[in-house]
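Presented below is the structure to which this report refers.
Number of protein chains: 2
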Amino acid sequence: MNNDAVPDFFRRLWRLPTAPARLGRRSTLDVETVVASAVRLADEGGLEAATLPKVAKELDVTPMSLYRYVGSKQELLQLMLDAASPPRTPAAEPSGWREGMRLWASDLWELYTDRPWIPRVPIYRSPSGPNQIAWLERGFAQLADTGLDWGDKLMVLTLLTGFVRHSALLAQDLEEGRSDHSETEDKDGYARALRALVTPEHYPHTAEMLASAALLPSDEPAGAAVRADFDAGLELVLDGLAHQLPEDA
Amino acid sequence: MNNDAVPDFFRRLWRLPTAPARLGRRSTLDVETVVASAVRLADEGGLEAATLPKVAKELDVTPMSLYRYVGSKQELLQLMLDAASPPRTPAAEPSGWREGMRLWASDLWELYTDRPWIPRVPIYRSPSGPNQIAWLERGFAQLADTGLDWGDKLMVLTLLTGFVRHSALLAQDLEEGRSDHSETEDKDGYARALRALVTPEHYPHTAEMLASAALLPSDEPAGAAVRADFDAGLELVLDGLAHQLPEDA
DNA sequence: TAATAAACTATACCTCATATAGTTTAAGTG
DNA sequence: CACTTAAACTATATGAGGTATAGTTTATTA
Chain F
13 MNNDAVPDFF RRLWRLPTAP ARLGRRSTLD VETVVASAVR LADEGGLEAA
63 TLPKVAKELD VTPMSLYRYV GSKQELLQLM LDAASPPRTP AAEPSGWREG
113 MRLWASDLWE LYTDRPWIPR VPIYRSPSGP NQIAWLERGF AQLADTGLDW
163 GDKLMVLTLL TGFVRHSALL AQDLEEGRSD HSETEDKDGY ARALRALVTP
213 EHYPHTAEML ASAALLPSDE PAGAAVRADF DAGLELVLDG LAHQLPEDA
Chain E
13 MNNDAVPDFF RRLWRLPTAP ARLGRRSTLD VETVVASAVR LADEGGLEAA
63 TLPKVAKELD VTPMSLYRYV GSKQELLQLM LDAASPPRTP AAEPSGWREG
113 MRLWASDLWE LYTDRPWIPR VPIYRSPSGP NQIAWLERGF AQLADTGLDW
163 GDKLMVLTLL TGFVRHSALL AQDLEEGRSD HSETEDKDGY ARALRALVTP
213 EHYPHTAEML ASAALLPSDE PAGAAVRADF DAGLELVLDG LAHQLPEDA
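Chains as they are written, first to last, in this note's numbering: chain F, 13 to 261; chain E, 13 to 261.
This is the structure we're talking about:
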């Protein structure tokens with residue numbers, strides 16, 4: 013079953029064709045279908061809605077039978093992550109590395125916005141699926157003319173990936189006031205409580221920041237503020253990158 | 013029970029003294045003890061070892077009784093996160109914002125190295141506990157002389173936090189070959205499989221990178237390589253920050 | 001037609017988080 | 001000193017989830 017020394021997980025992740033069984037029943041499903049169903053559930057109800065029993069019910073099958081197609085729940089999550097991350101090709105060819113990276117990161121942000129559960133999938137291994145590699149590839153392509161060595165390119169892409177992921181999670185946090193919180197005054201109560209607890213004696217800078225209302229500007233939507241922060245952070249990173257390049261390109 | 017309009021969660025997070033009960037049984041535990049026990053379990057067995065039943069057993073108590081001290085499992089995780097993140101005060105006062113931020117990020121990295129479960133705690137709200145705020149405060153302090161406005165300072169700290177967190181997770185991934193993987197040849201098999209699947213036709217840049225062995229340098233410990241990447245990324249961000257400052261400081 | 005093995009089902013186990021309904025225990029009150 | 005009251009804790013149960021183990025069905029090949 014472990015042909016060519018390729019681990020089973022990789023065979024499923026890359027949808028490698030399996031030698032058609034010479035014997036036994038024909039399968040009613042395939043990895044593709046199972047993963048697609050799980051992704052649909054996550055799209056509709058978040059990560060916690062993508063459980064084996066629920067996928068099984070959707071596919072009219074017993075939960076246990078899914079183990080013919082995925083090795084474990086964790087593996088299913090990895091498969092979902094890759095399957096739900098199709099590469100996006102920019103409409104116009106970017107004019108340079110800077111615009112290229114900007115677009116790349118911005119597309120990643122959109123992916124995380126469209127499927128908020130993706131950044132919530134716990135990271136347990138380096139990107140290794142076809143789609144994740146495709147994102148990596150696109151990033152490398154944009155960095156091709158920078159003269160960086162592979163280690164630096166990889167470092168830059170890792171850095172940006174983490175940044176986008178983290179920003180997206182933060183945006184989610186701020187946007188929804190946590191729907192499952194009963195009290196109506198929670199969102200406001202939290203802000204007030206924080207201001208009361210963060211005293212100038214113990215936290216002088218933070219207290220001043222809270223007083224200056226840089227946080228929680230209730231007049232504009234929280235999402236927009238986070239997006240602005242995202243753009244600013246991106247430019248900062250790109251500035252740093254520009255600074256490290258052998259020469260300006 | 014919700015005195016002063018401070019939500020219960022905040023009262024527990026900040027260990028606000030509760031008015032001593034005029035009536036009823038005396039409590040055998042307190043938030044501090046419960047959280048400390050959960051943290052100990054996570055330190056020893058990772059996040060998944062910190063379950064309510066296990067904490068209860070450690071404290072010789074029924075699982076349900078823990079709900080007198082924490083509102084939910086999710087809340088317990090937030091309490092653990094804050095309790096396990098004591099601020100670290102640098103030995104010597106840093107000489108400028110750049111060294112200050114470098115030390116700050118580096119200390120955060122060490123925290124995540126000492127307690128690998130911390131970056132695995134799902135993020136559901138902005139930092140709001142005393143220790144998390146203390147980290148924030150220290151960051152603000154280092155940025156005090158930069159002339160940035162609050163929004164930019166916050167953005168920088170958010171960016172760096174995400175970067176450290178992400179890097180730490182990546183380091184964990186690479187360091188351990190996943191202990192629960194049965195096959196001995198897994199780590200090597202994965203690398204070989206990836207090289208076989210990432211073909212120059214579909215992924216020209218990535219294939220070249222894999223061929224150049226920038227990834228998975230088996231001669232040096234993976235942890236060291238990630239740490240080097242972390243340091244490099246940090247300098248990049250600091251370069252970007254320097255570039256955005258009104259004038260050099 | 002029988003052997004074989006793959007795909008699927010049935011059942012069961014264990015662990016969790018948590019709701020609901022008690023029960024114990026202390027402090028105040030008459 | 002009973003006696004109420006309410007807080008802290010226990011008992012029990014529910015339902016969900018992941019997954020091991022042991023069948024059962026179904027197609028292919030001999």
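Virtual Cβ for every residue (Gly too), placed ideally from N, Cα, C.
Which word fits residue i, buried or exposed, when buried means at least 16 other C-beta atoms lie within 10 angstroms of its C-beta?
i      : result
P32/F  : exposed
T196/E : Below a pLDDT of 50, predicted positions are generally treated as unreliable, and T196/E, at 40, falls in that range; no measurement from the model is reported.
M76/F  : exposed
A54/E  : buried
E105/E : exposed
G141/F : buried
T173/F : buried
K85/E  : exposed
P330/E : Beyond the ends of chain E as shown, which are 13 and 261, falls residue 330/E; an answer cannot be given.
R127/F : buried
G112/E : buried
A236/F : exposed
L35/F  : exposed
S179/F : buried
Does the distance from the C-beta atom of residue i to that of residue j stay below 9 Å?
i      : j      : result
R177/E : Y124/E : yes
L182/F : V249/F : no
D72/F  : N143/F : no
A62/F  : L89/F  : yes
M221/E : F152/F : yes
Y79/E  : D42/E  : no
A205/F : V18/E  : yes
E247/E : G252/F : yes
W147/F : P134/F : no
D241/E : L257/F : no
V265/F : I145/E : Nothing can be reported for residue 265/F, as the shown portion of chain F is limited to 13 through 261.
E149/E : P99/E  : yes
A223/E : G163/F : no
H255/F : A96/E  : no
G83/E  : W129/E : no
Along the chain, where does the alpha helix (DSSP H) containing residue i start, and where does it finish?
i      : result
L120/F : 109-126
A223/E : 216-223
A180/F : 162-187
P142/E : 142-154
T158/E : Per DSSP, T158/E belongs to no alpha helix (DSSP H) and is neither H nor E.
S49/E  : 43-57
P65/E  : 64-70
M92/F  : 85-95
L25/E  : 20-25
Pairing CB atoms from the stretch 144-164 of chain E with CB atoms from the stretch 212-224 of chain E, are three or more of them under 8 Å?
no
Any 3 or more C-beta pairs closer than 8 Å across the stretch 43-53 of chain F and the stretch 111-122 of chain F:
no
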